[in-house]
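If you read the protein sequences in the order shown, they are chains A and B. Under numbering that gives the first Met the number 0, think of the first position of the first sequence as 0, with each following residue one higher. Under numbering that gives the first Met the number 0, think of the first position of the second sequence as 0, with each following residue one higher. No residue lacks a Cβ here, since even glycine has one placed at the ideal position from N, Cα and C. What follows is a set of notes on a single structure, which appears directly below.
Protein chains: 2
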Amino acid sequence: MTTDPEDILHWLPTSEFQRVLDGIDDRHDRLRAFSALSRVNTLYMIMKAGSGHIGSSFSAADLVSWLLLEELDEDEVFFSSKGHDVPGLYAALIGLGRLDEDLLHRLRRLGGLPGHPDVRTPHMPFNTGSLGMGLSKAKGLILANRLLGREQRVYVLTGDGELQEGQNWEALGGAVNAAMGELTVIVDHNRIQSDTWVRDVSDLGDLEARFAGFGWAVLRCDGHDFAAIEAVFRRRAEEFAGRPAVVIADTVKGAGCAVFAATSMAPGEWRYRFHSGAPEPEVYERAHGELWRAAESIVGGGGLAGLEPRTATGRPPAKATGPSLPKVYGRALADAAERDERIVALDADLVLDTGLIPFSQRVPDRFIECGIAEQDMVSMAAGLAARGLLPFVHSFSCFLHARPNEHIYNNATEGRKVVYVGSLAGLLPAGPGHSHQAVRDVAAVGSVPGLVVLEPAGPRQARAAVDYCVDTPDSVYLRLVSVPVPPEVAAVDAAEAPTLETGRGTVVRPGGRTVAIGAGPVVLAELLRAAETADLTVVNLPWLNRVDPHWLAELAASADRIVVVENHYTHGGQADLIARALLELDLPTPPRFRGIGLTEVPRCGTADEVLDAHGLSAGRLTAALAEGENRWTTPSTTS
Amino acid sequence: MTTDPEDILHWLPTSEFQRVLDGIDDRHDRLRAFSALSRVNTLYMIMKAGSGHIGSSFSAADLVSWLLLEELDEDEVFFSSKGHDVPGLYAALIGLGRLDEDLLHRLRRLGGLPGHPDVRTPHMPFNTGSLGMGLSKAKGLILANRLLGREQRVYVLTGDGELQEGQNWEALGGAVNAAMGELTVIVDHNRIQSDTWVRDVSDLGDLEARFAGFGWAVLRCDGHDFAAIEAVFRRRAEEFAGRPAVVIADTVKGAGCAVFAATSMAPGEWRYRFHSGAPEPEVYERAHGELWRAAESIVGGGGLAGLEPRTATGRPPAKATGPSLPKVYGRALADAAERDERIVALDADLVLDTGLIPFSQRVPDRFIECGIAEQDMVSMAAGLAARGLLPFVHSFSCFLHARPNEHIYNNATEGRKVVYVGSLAGLLPAGPGHSHQAVRDVAAVGSVPGLVVLEPAGPRQARAAVDYCVDTPDSVYLRLVSVPVPPEVAAVDAAEAPTLETGRGTVVRPGGRTVAIGAGPVVLAELLRAAETADLTVVNLPWLNRVDPHWLAELAASADRIVVVENHYTHGGQADLIARALLELDLPTPPRFRGIGLTEVPRCGTADEVLDAHGLSAGRLTAALAEGENRWTTPSTTS
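So this is what it looks like as structure tokens:
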């Protein structure tokens, strides 16, 4: 088999980093060389993985090099609160030999390096990726150190977009009151958040004045100029030893490579294209070429022999194709908004991923960009609803169900209608890791009174869901899977009724008296695949906290066994709902019952790897169903 | 029956307010008189209710008078974000005839005036009491107004302690970016949060600099001097018309009455005693006398005839007595901490109500006061756990399960142990209203992997729960009811085993083959009372998201019917857990099953009123159980 030249990727072994570190005397040249090599490997890792955050890995790369090579003693702590710049940190740690070189090839793979930091990886003190928690975690660490009589400096990197999260500001006061001279916050001030400019999303105003207003020492430097970086950290230590300090490092998203640098954006181009995801092969070629020449030039300038690249075939895990529910949803919402002037859309800095670009263009006056400020957004929705408008509130489901959890309930107690739309719901994509895998959203909002939780399986049902959300008097939490709808599910979805009836599902594959219930494209695809070898009746029940007992009674009459499979923890979701309802039907002989879903913290990896690891792949489901009577009758610990 | 003179309370009818408003020409004198009369009625309402927030009602009273009488046009909006000053607002609105006079006597009663604002009461635009949401709600209202082409000024009152919540700071930037000149925030800067001085809990530093750093116009005045108040609002309108502005009003908690005024606190006295709760009768006498004399003096000075008081018997609803679980818990935790140096306690400004005063005194170096900053607190716990300490994190359960919901999950993904302790759990006390009634906490955290949710019924079990929390490798969410443990429950609790076994319950009252399962003192008391007339077996199962299937199988063998009663929504809690587990036991003939719990937003009122209204009183439970076969077999809508 010949390898397509497009698939050849280049990386540098740890030995090359060591040679460069040992061979270049000038400190700033050594740092520049280390950053250049790190960027080569960061790009390699992301290409190999097929996804990852280039822009912020590159903007933070020089700061990370400084911290690891010059600033930190071995015992001192550094971590990134935003966390999505972690490919760059991994590359640097591998370059220093602190992580196994082999992990270079295993970004976002099961057992490899997670898409956001996880404490099971060496040198990762905390799980981050849920934004805005880093300062607080650092403060806890410092308080622990003080109790334990340990002196230790702690450095936290944050994004600038991340500073829109209120928790950062909640955390600042305590650090001043406790005179936490141990704590330094570095703002990777690259001026772009996920899609576009911070100033256009939710401007931070005078950032220095904000921090100073809270009593912090404020310093500022060019985050790509090692002389400036060195000077600012010296000042921090010498002039502000007893106080918490912030270093605002002015950086460029994608720095170090003109292909990715935000400074290369065309005039008027609003969207930065390299926040997440791997570039196309030809973009990789250009970028790698540029990075390589830069690295060679620095290394050569230091008097060393040329770099010796290693190559690997780089074809990333195959990308699934199929309709995108957020896209379908977003168009349907824009259609609805053109008909219904009450509809307002609120977004938390995910206009692309929540499918809202058409809405923002077609109904711009009713599109409200809130920034990374989910609590503010959800409480603002209360204000809009109070005036009779119909707010649709958007974020990734991992954030939307949890960060403003009290706010969703508070809105519900007002009895006004709000629609919450959480995309990226469920276990997949599994590359970003557990901070982004929303697998407890149904449990966390399912008991909110008057709130219906609904998960459409395909495009037709997603459009019906928008109509439902507009027409129902209830508030709704719409759970949208973002990975493409598999063809099996798209096919059955096309036959779904154009309107939704609360609490009622559809038999999407008639079969035997083992009835498998599920919601959403991920579960239904695996069940339909399992049904190819097992004699299953497959039911699409898009309602996650409502079931019509009459419908369920009919279904139960046709079943010897009912299994509910969930793209969610097997607690607090659809399995509990169905079990409770079945028992309350008071049937003389209820069908045997089993629920299958997550029981552990979700793993990071490819879709196939992770579904299989958690027992949710068609193969694992088939095996579970075939285990027979024993498995169905032996009590197991219920949790 | 003669009335104890101690029970006589005094109030003023709306007609007296009108006479004063009509009869006093000088604007500031009229305002002073209105405030004085409002304070008389505020105290009356709180005495009559037996609870309520005097301190902040009084500190805000003059600001409220200014806003209602002078500042606001009828169409303009004012609301309190902190919300617990609402008795003062009710008194003012009743004085103005905007609320029915009869409601004076119905504070915190079913169908009366809720302990925190609710939109079902006229002139309450939002449900508040969950702190820090007000600015965001106001912003949403303003955005709606702009879409609807409506010009309207919006005034939001916040506490100063409330400003510790990060959401306030999350909300500020958007108001500046949208140039919300319509928005004025008034900080009732009384310098005391629930128990003590803001500066000692979590100092706000230079508050003016904080707001100014975010780009807000900042003004300041004496919040009890009407000339100063008038001047500051004139400046706000004239000099800063196009910008959001904050008025920091320096006030005194309990102002207008030396008995309650924080300025009367003795040197060294750390705790302010009139934040919440009704004063003792003799304190009422003194305070009322003082308020009355002040009112008479202002009214008389205005040339009017003396005030004509009305009287009412004021015996408030009888207070329950019995052991306090937070108190028992707090002592047990302090004991444990003296033995185990890993234990650290974190508190969010509720040191009294979470039972932590003994801990803070006996183990002061391991007591961390975080202020009203639940997200910061929970993420700090991650930092403490990372160093091998064992953090116990405290707040009211209504806040603890919800505000830092994402943070609890994030901590769980790190696999380190944290104990969360939510007091004030469940429906009671029902006086504060739904913002404080934690009835979805089990659902909202029950699916967090590795987190056990546990609710002890009595003092013995609470002490055992502390031991369990210390010894188990799991993280724990300890759900503590704060109302006194009723004697029936204290009696059965005394016979409980001294150690807890995960997932297993105890028959606390043997009886017939209808088995009622519940957790915590409120449910168990009602069940034990119901068992006096119904042939019930009552089971205490303190585990809310774990059940041992072997234990359950044994219990099921002794039952024809199982009913689970919950101090929680009947979704996502113990009823779902037991139903699912029962069905998965795959019994040939499972017992019939029914769950009873909340289905609506919890009501405000006395304990008896509210338990009955929600069907959880012994009487209602007995009736439900007696409804016979029909009720047990007819499918009802499950939600």
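| Check | Outcome |
| --- | --- |
| Between Gln166 of chain B and chain A, is there a C-beta pair that is closer than 7 Å? | yes |
| Suppose the cutoff is 8 Å on Cβ atoms and the five residues either side in sequence are ignored; what does the same chain contact list for Ser686 of chain A look like? | Beyond the ends of chain A as shown, which are 0 and 638, falls residue 686 of chain A; an answer cannot be given. |
| Provide the residue span of the beta strand (DSSP E) that contains Cys220 of chain B, from first to last. | 216-221 |
| Just to make sure I have the definition right: I need the residues of chain A whose C-beta is within less than 8 Å of the C-beta of Ser474 of chain B. Which are they? | Simply none; closest approach about 12 Å. |
| So what does Ala311 of chain B bridge to, in DSSP terms? | B:Leu8 |
| Could you check if His549 of chain B is buried or exposed, using at least 16 other CB atoms within 10 Å of its CB as the buried criterion? | exposed |
| Short check: CB of Leu479 of chain B to CB of Gly510 of chain B, under 7 Å? | no |
| Suppose you measure from the CA of Arg630 of chain B to the CA of Arg619 of chain B; what does that come to, to the nearest Å? | Low local confidence applies: a pLDDT of 49 at Arg630 of chain B is under 50, so the model's placement there is unreliable, and no value is given. |
| Compare the C-alpha of Glu295 of chain B against each of B:Pro601, B:Asp611, B:Leu11 and name the closest. | B:Leu11 |
| So is Met0 of chain B in contact with chain A if we call contact Cβ pairs under 7 Å? | In this prediction, Met0 of chain B has a pLDDT of 44, which is less than 50 and means its spatial position is unreliable; what the coordinates show is noted afterwards. Closer than 7 Å: no. |
| Which residues in chain A sit within 7 Å of Ser129 of chain B, going by Cβ to Cβ distance? | Glu405, Asn409 |
| Report yes if the CB atom of Val562 of chain A is closer than 7 Å to the CB atom of Arg512 of chain A, and no otherwise. | no |
| Could you confirm whether any beta carbon from chain B is found closer than 7 Å to the beta carbon of Lys416 of chain A? | no |
| For Gln192 of chain B, which residues in chain A fall below 9 Å Cβ to Cβ? | Here the premise fails: no neighbours, minimum Cβ distance about 13 Å. |
| Name the chain A residues whose beta carbon is nearer than 8 Å to that of Pro541 of chain B? | Ordered by position in chain A, no residue passes the 8 Å Cβ test against Pro541 of chain B, which lies about 15 Å from the chain. |
| Using Cβ-Cβ distances below 9 Å, what residues of the segment 596-625 of chain B are close to chain A? | Leu597, Thr598, Glu599, Val600, Pro601 |
| State buried or exposed for Glu495 of chain B, treating a residue as buried only when at least 16 other CB atoms are found within 10 Å of its CB. | buried |
| Please name the residue in A:Thr598, A:Gln436, A:Gly449, A:Ala622 whose C-alpha comes closest to that of His115 of chain A. | A:Gln436 |
| Within 10 angstroms of the Cβ of Leu652 of chain A, are there 16 or more other Cβ atoms? Answer buried if so, exposed if not. | Nothing about residue 652 of chain A can be read from this structure; chain A reaches only from 0 to 638. |
| Between which two residues does the beta strand (DSSP E) containing Val566 of chain B stretch? | The amino acid at residue 566 of chain B is misidentified as Val; the sequence shows Asn. Looking at the DSSP string, the run of the beta strand (DSSP E) that includes Asn566 of chain B is 560-568. |
| Helix, strand or coil, according to DSSP, for Thr41 of chain A in the structure here? | helix |
| For the alpha helix (DSSP H) that contains Ile228 of chain B, what are its first and last residues? | 225-238 |
| Can you tell me which of A:Val488, A:Val546, A:His406, A:Ala493 puts its alpha carbon nearest to the alpha carbon of Glu500 of chain A? | A:Val546 |
| Roughly how many angstroms lie between the CA atoms of Pro455 of chain B and Pro601 of chain B, to the nearest whole one? | 22 Å |
| Hey, Gln664 of chain A and His406 of chain A: beta-carbon distance below 7 Å or not? | Since the first and last residues shown for chain A are 0 and 638, residue 664 of chain A lies out of range. |
| Among B:Leu30, B:Gly445, B:Gly214, which one has its Cα closest to the Cα of Gly241 of chain B? | B:Gly214 |
| Counting only Cβ pairs nearer than 8 Å, list the residues of chain B close to Tyr568 of chain A. | Ser446, Pro448 |
| Residues of the segment 430-443 of chain A in Cβ contact with chain B at a cutoff of 8 Å, in chain order, please. | His433, Ser434, Arg439, Ala442, Ala443 |
| Which residue wins for smallest C-alpha separation from Pro357 of chain B, given the options B:Met379, B:Pro390, B:Asp334? | B:Asp334 |
| Any idea which residues DSSP pairs Val521 of chain B with across the strands? | According to DSSP, Val521 of chain B bridges with nothing at all. |
| Under the three-state reduction of DSSP, which class applies to Thr536 of chain B: helix, strand or coil? | strand |
| Could you name each continuous beta strand (DSSP E) segment of 3 residues or more that falls completely within the segment 288-372 of chain B, going from the start of the chain to the end? | 309-312, 342-346, 366-368 |
| Chain B beta carbons: is any one of them nearer than 7 Å to that of Glu169 of chain A? | yes |
| Give me, in chain order, the residues of the same chain whose beta-carbon lies closer than 6 Å to that of Pro403 of chain B; leave out the 5 immediate sequence neighbours on both sides. | Glu373, Gln374, Val377 |
| Terminal residues of the continuous beta strand (DSSP E) containing Leu450 of chain B? | 450-453 |
| Check whether the Cβ of Asp84 of chain B lies closer than 7 Å to any Cβ atom in chain A. | no |
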